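Colleague:
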Amino acid sequence: MYSILKCICGTKIEEQNQIGTISSAMNYLSLPGQTASTNKPRVQVALAPKHGLMDWIRKTSNTPNLSGANGKILTITEEELAKHNTKTDCWSAISGHVYNITPYLDYHPGGVDEIMKGAGIDATALFQEVHSWVNFASMLEKCLVGRLVTSKKEIPSNKSKPVINRLRFEFRQPTSKSLTCFIYTSCFSLARESIFVNIENSKKILVLVYIDGFVHTIAIELLEFITNNFDVRISSNNRSQIEIDLNKQTDQMWKSIGKFLPNHLSIVAIHDFEPIYFTATLIQRTPETHDTDWYTFSLPSHLFMFPPVGYHVRLRQANEGLIVVKPYTVVRSLNNEGNSSSESIVELLIKHYPDGGMTSILRKLLIGDTIEMSSYEGTFDVHRIDACETLILVAAGTGLTPMMRILNYAISQINIGKNINVFLLFFNKTAKDILCREKLDTISKQYKFTTHHILSQPEPEWTGETGYIKGELLRRLLPPLPQKDNETHRLVCICGPKPFTTLATDLFKENKYNENHLHLFLA
Ligand SMILES: Cc1cc2nc3c(=O)[nH]c(=O)nc-3n(C[C@H](O)[C@H](O)[C@H](O)COP(=O)(O)OP(=O)(O)OC[C@H]3O[C@@H](n4cnc5c(N)ncnc54)[C@H](O)[C@@H]3O)c2cc1C
Ligand code: HEM
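For what it's worth, the working numbering labels the leading residue of the sequence shown as 18, then goes sequentially.
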């Protein structure tokens with residue numbers, strides 16, 4: 018007989034169902050729709066000399082306070098905030114904190130006009146839409162004026178909101194040495210990519226389940242210590258059920274499971290989810306081109322994570338007192354799946370910028386050094402390829418990174434008999450900038466993919482396509498869109514710098530493609 022454990026938590030446990038699952042009275046939650054990411058072009062702003070990131074770090078570390086409030090933390094109403102909306106007196110609120118951003122305006126890499134859109138208002142949504150990874154709290158620490166108090170009453174919306182089923186779960190003790198966590202979801206086609214598990218300090222278990230654009234969290238501080246050996250699986254007879262086998266450090270029956278942590282049973286849209294960080298170790302770095310390297314990181318053994326195709330992780334590291342965070346697409350990932358003799362790894366392909374905030378840190382990393390890496394983020398649904406007859410990949414520079422796993426997935430589909438015509442248009446400056454050229458050319462030959470390298474600054478000996486992306490090129494290099502395309506047979510994936518992605522999108526739309534044909538890889 019299994020012993021079924023109850024959870025201790027600060028709040029009253031409202032309900033216990035017939036199989037012993039403990040769930041709160043609120044099983045269902047209505048949530049607003051996911052915030053759409055912006056399609057705005059990248060704003061190229063030349064910062065004035067001595068106004069780079071490092072200059073800002075120096076300025077903030079040499080000045081005790083930049084808020085104008087002498088370090089006092091004030092309570093600020095929206096009316097007060099609205100008064101500070103000029104370039105010489107500019108406040109902005111992000112995530113409930115009001116900052117005097119006047120001294121930062123000229124250091125803003127997106128330009129003064131862009132950041133002024135957040136002047137005198139609660140700019141949280143605007144900020145998150147453009148660059149959710151930017152660590153404003155650390156960068157603007159010295160500019161903190163106070164906390165924002167909102168006076169607006171919630172206006173009830175008549176719009177129907179999606180109803181999202183909260184996870185249900187229970188723990189069972191098959192023996193005094195082990196523990197199994199059963200998680201019941203509403204998704205009947207769970208994949209291992211939907212599940213992220215982290216065991217922190219052998220005491221806290223954190224499970225993230227990614228379902229339909231939302232991240233569901235189970236976060237429990239366990240009663241006693243467990244080992245880092247655990248097994249995660251999707252139940253073989255019920256694809257909506259997750260089972261996690263845990264091993265106790267001491268051989269004893271537990272009377273309860275422990276206590277819920279504050280984020281337990283939270284449901285957050287992927288776009289708004291604050292990712293979980295863990296320590297990754299650099300185990301290999303191999304040059305790919307003159308300015309781009311492969312980085313192989315090994316993941317800690319207390320982690321279970323399979324980043325889905327087209328998803329990215331964030332890297333985070335302190336640089337001279339400032340925390341720098343940047344997203345990178347996972348190009349390859351291997352998980353040891355409980356086999357402790359092999360390592361779980363994540364491979365990234367990263368282009369270096371001589372004065373880049375993150376890439377200059379990465380360049381200095383030695384084998385064996387560690388960096389903080391996050392749980393994954395993204396919106397690409399790889400199963401769109403399953404129904405696809407023509408797959409068009411349009412990449413510029415490091416925009417190739419999501420395409421590498423997409424190509425591998427397309428190959429796996431072709432190998433099981435699917436007929437997919439693959440076209441890759443890869444834009445670079447020069448031939449020496451082309452990433453993974455040999456591999457691309459080999460698989461193109463083997464699987465009859467059509468690959469075009471297009472160079473904007475070709476070497477004299479280059480005989481291939483030249484120039485920038487334009488409508489004429491798309492019409493010439495790609496098969497025409499069938500008159501009655503039913504919109505599921507053709508998929509165009511676009512990734513590159515924002516102006517490239519925006520231009521490519523416009524050009525496809527001018528050529529009769531619609532939103533349903535396109536997937537844009539954006540932050
Ligand atoms: C979803 C996503 C996935 C990504 N995946 C990858 C990937 O797989 N591989 C990869 O290499 N990159 C990827 N990137 C880009 C990556 O996140 C970083 O932006 C990139 O590595 C540069 O970061 P950095 O901190 O080193 O440079 P930054 O400090 O941001 O600077 C980059 C360069 O631009 C210059 N610069 C910045 N702002 C200005 C300005 N206003 N005026 C003039 N010059 C300026 C800097 O001086 C530097 O030379 C991805 C980005 C996103 C959004
Ligand atoms: C609230 C209004 C703001 C708007 C509308 C805005 C807009 C932008 C835009 C359009 C870019 C260029 C993005 C790109 O090229 O991909 C950018 C970059 C940047 N902004 Fe802002 N910004 C705002 C506030 C801030 C604040 C308050 C900070 C500082 C804490 C900040 C820090 C940065 C940084 C560091 C970058 C470079 C990001 C990168 O390349 O990864 N921004 N911003």
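Quick reminder that beta carbons are idealized off the backbone N, C-alpha and C, glycines included.
Being a predicted model, the structure only gives us computed values, none of them experimental.
State buried or exposed for Thr415, treating a residue as buried only when at least 16 other CB atoms are found within 10 Å of its CB.
Modeller: Under this definition Thr415 is a buried residue.
Colleague: Smallest Cα separation from Phe247: which of Phe290, Lys194, Ile437 and Tyr201?
Modeller: Among Phe290, Lys194, Ile437 and Tyr201, the Cα nearest to that of Phe247 is on Lys194.
Colleague: Within 10 angstroms of its Cβ, does Asn528 collect 16 or more other Cβ (buried), or is it exposed?
Modeller: Result: exposed.
Colleague: Within the present structure, is the beta-carbon of Met390 separated from the nearest heavy atom of ligand 1 by less than 6 Å?
Modeller: The answer is no for Met390.
Colleague: Verify whether the separation of the beta carbon atoms of His369 and Thr346 is less than 7 Å.
Modeller: Taking 7 Å as the Cβ cut-off, His369 and Thr346 do not qualify as a contacting pair.
Colleague: Mapping DSSP to helix, strand and coil, what is Thr119?
Modeller: Residue state, collapsed to three classes: helix.
Colleague: Cβ of Ile367 within 6 Å of any heavy atom in ligand 1?
Modeller: Answer for Ile367: yes, Cβ within range of ligand 1.
Colleague: Name the two residues that bound the continuous alpha helix (DSSP H) containing Arg493.
Modeller: Arg493 -> alpha helix (DSSP H) spans Gly488 to Leu494.
Colleague: Three Cβ pairs or more, each shorter than 8 Å: is that satisfied between the segment 247-260 and the segment 202-209?
Modeller: Yes, since at least three Cβ pairs between the segment 247-260 and the segment 202-209 fall closer than 8 Å, the two stretches touch.
Colleague: Thr518 to Met71, Cα distance in whole Å?
Modeller: Using only the alpha carbons, I get a separation of about 29 Å.
Colleague: Please state whether the Cβ-Cβ distance between Val348 and Thr459 is less than 7 Å.
Modeller: Not closer than 7 Å, so no.
Colleague: Per DSSP, which residues does Phe321 bridge with? Please list them.
Modeller: Phe321 pairs with Val214.
Colleague: So, using beta-carbon positions, are Leu408 and Ile437 closer together than 7 Å?
Modeller: Cβ atoms of Leu408 and Ile437: closer than 7 Å.
Colleague: Using the beta-carbon count (16 or more within 10 Å), is Val162 buried or exposed?
Modeller: Label assigned to Val162: buried.
Colleague: Which of the three DSSP states, helix, strand or coil, is assigned to Met390?
Modeller: Strand.
Colleague: In the DSSP assignment, find the alpha helix (DSSP H) that holds Ala154 and state where it starts and stops.
Modeller: Here the alpha helix (DSSP H) through Ala154 covers Phe153 to Met156.
Colleague: Taking the CB atoms as reference points, tell me whether Val411 and Leu366 lie closer together than 7 Å.
Modeller: Contact flag unset, no.
Colleague: Quick check on Lys265: buried or exposed, where buried means 16 or more other Cβ atoms within 10 Å of its Cβ?
Modeller: Counting Cβ neighbours within 10 Å, Lys265 comes out buried, since at least 16 surround it.
Colleague: Give the straight-line distance between the Cα atoms of Glu394 and Met322, rounded to the nearest whole angstrom.
Modeller: When rounded, the distance between both Cα atoms is 12 Å.
Colleague: Give a yes or no on contact between the segment 124-132 and the segment 86-95, applying the rule of three or more CB pairs nearer than 8 Å.
Modeller: Contact fails: fewer than three Cβ-Cβ distances are below 8 Å.
Colleague: If you run the structure through DSSP and keep just helix, strand and coil, what is Ile73?
Modeller: Note that residue 73 corresponds to Trp in the displayed sequence, not to Ile. Helix at Trp73.
Colleague: For Trp108, count the other beta carbons within 10 Å of its own beta carbon; 16 or more makes it buried, fewer makes it exposed. Which is it?
Modeller: Trp108 is buried by the Cβ-count criterion.
Colleague: Beta carbon of Thr468, beta carbon of Leu457: below 7 Å?
Modeller: Yes, these two residues count as a Cβ contact at 7 Å.
Colleague: Taking only three categories from DSSP, how would you classify Thr52?
Modeller: Note on Thr52: pLDDT 28, under 50, position unreliable in the model; no value is reported.
Colleague: If I measure Cβ to Cβ from Leu495 and keep anything under 7 Å in the same chain, skipping five residues before and after, which residues do I get?
Modeller: Ile409 and Phe440.
Colleague: Taking 6 Å as the cut-off, is the C-beta of Lys515 nearer than that to any heavy atom in ligand 1?
Modeller: Not so, every heavy atom of ligand 1 lies at least 6 Å from the Cβ.
Colleague: Based on Cα-Cα distance, which residue from Ala427, Trp479 and Gln474 lies nearest to Gln463?
Modeller: Considering only alpha carbons, the answer is Ala427.
Colleague: Assess, as a yes-or-no matter, whether the segment 272-280 is touched by the segment 334-346 under the definition of 3 or more beta carbon pairs within less than 8 Å.
Modeller: Taking 8 Å as the limit for Cβ pairs, the verdict is that the segment 272-280 does not touch the segment 334-346.
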